[in-house]
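Asks: Please see the structure below; I have some questions.
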């Protein structure tokens, strides 16, 4: 399963948690920032999170009115151990989505997907 997160949501999360202003130029930068956000928050320390093996990050661009104007977001794909129950997966993904959702910009056009 995947969720969509805006670049600004990741930047704001790191600013609030670590007190630093990161610049996300590519998927690698976003992956490092997501790992930092998830690893440095006690919200993500439950038993189900122990079964989360990896979060893969890929860039997505949403074009508003032309090929020049676009918003950058990232798809976060959650890779779990095989023995995790579907309800546990959903709980982990919902927690991450709600966490990043607290940083949503009011004019956002990117909606979460799964």
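In this note's numbering, the protein residues as written are -19 to 94. Glycine included, each C-beta is placed from N, C-alpha and C at the ideal position. As the structure is a computational prediction, the values presented were derived from the model and not from experiment.
Helix, strand or coil for residue 56, going by three-state DSSP, please let me know.
Replies: In the structure shown, residue 56 sits in a strand (DSSP, three-state: E or B).
Asks: Is residue 64 helix, strand or coil when you go by DSSP?
Replies: Coil at residue 64, not helix or strand.
Asks: Could you pull out every residue in the same chain whose Cβ sits closer than 8 angstroms to the Cβ of residue 107, ignoring the five residues on either side in sequence?
Replies: Given a span of -19 to 94 for the chain in the structure shown, any question on residue 107 remains unanswerable.
Asks: Using alpha carbons as the reference points, say which of 71, 21, 22 and 3 lies closest to residue 58.
Replies: The residue with the shortest Cα to Cα distance from residue 58 is 71.
Asks: Using only the alpha-carbon positions, how far apart do residue 77 and residue 43 sit?
Replies: Cα to Cα, residue 77 sits roughly 22 angstroms from residue 43.
Asks: Between the C-alpha atoms of residue 75 and residue 25, what's the straight-line distance to the nearest angstrom?
Replies: Near 11 angstroms, if we compare the C-alpha coordinates of residue 25 and residue 75.
Asks: Can you tell me the Cβ-Cβ gap for residue 53 and residue -16, rounded? I've got them flagged as a contact below 8 angstroms.
Replies: With a Cβ gap of about 5 angstroms, residue 53 and residue -16 count as contacting.
Asks: For residue 35, which option in 21, 46, 48 and 15 has the closest C-alpha, if you only look at C-alpha atoms?
Replies: The residue with the shortest Cα to Cα distance from residue 35 is 15.
Asks: Only counting runs of 4 or more residues, tell me where the alpha helix (DSSP H) segments fall wholly within the stretch -8 to 25, in order along the chain.
Replies: Within the stretch -8 to 25, the complete alpha helix (DSSP H) runs of at least 4 residues are 7 to 19.
Asks: Using C-beta distances below 6 angstroms, list every residue in its chain close to residue 21, excluding the 5 sequence neighbours before and after it, in chain order.
Replies: For residue 21, where only same-chain residues beyond five positions count, there are no Cβ hits under 6 angstroms.
Asks: Is it right to say residue 93 is buried, meaning 16 or more other beta carbons lie within 10 angstroms of its own, or is it exposed?
Replies: With a pLDDT of only 46 at residue 93, under the threshold of 50, the placement of this residue in the model should not be trusted, and no figure is reported.
Asks: Would a C-beta distance cut-off of 8 angstroms place residue -19 and residue 73 closer than the cut-off?
Replies: Cβ atoms of residue -19 and residue 73: closer than 8 angstroms.
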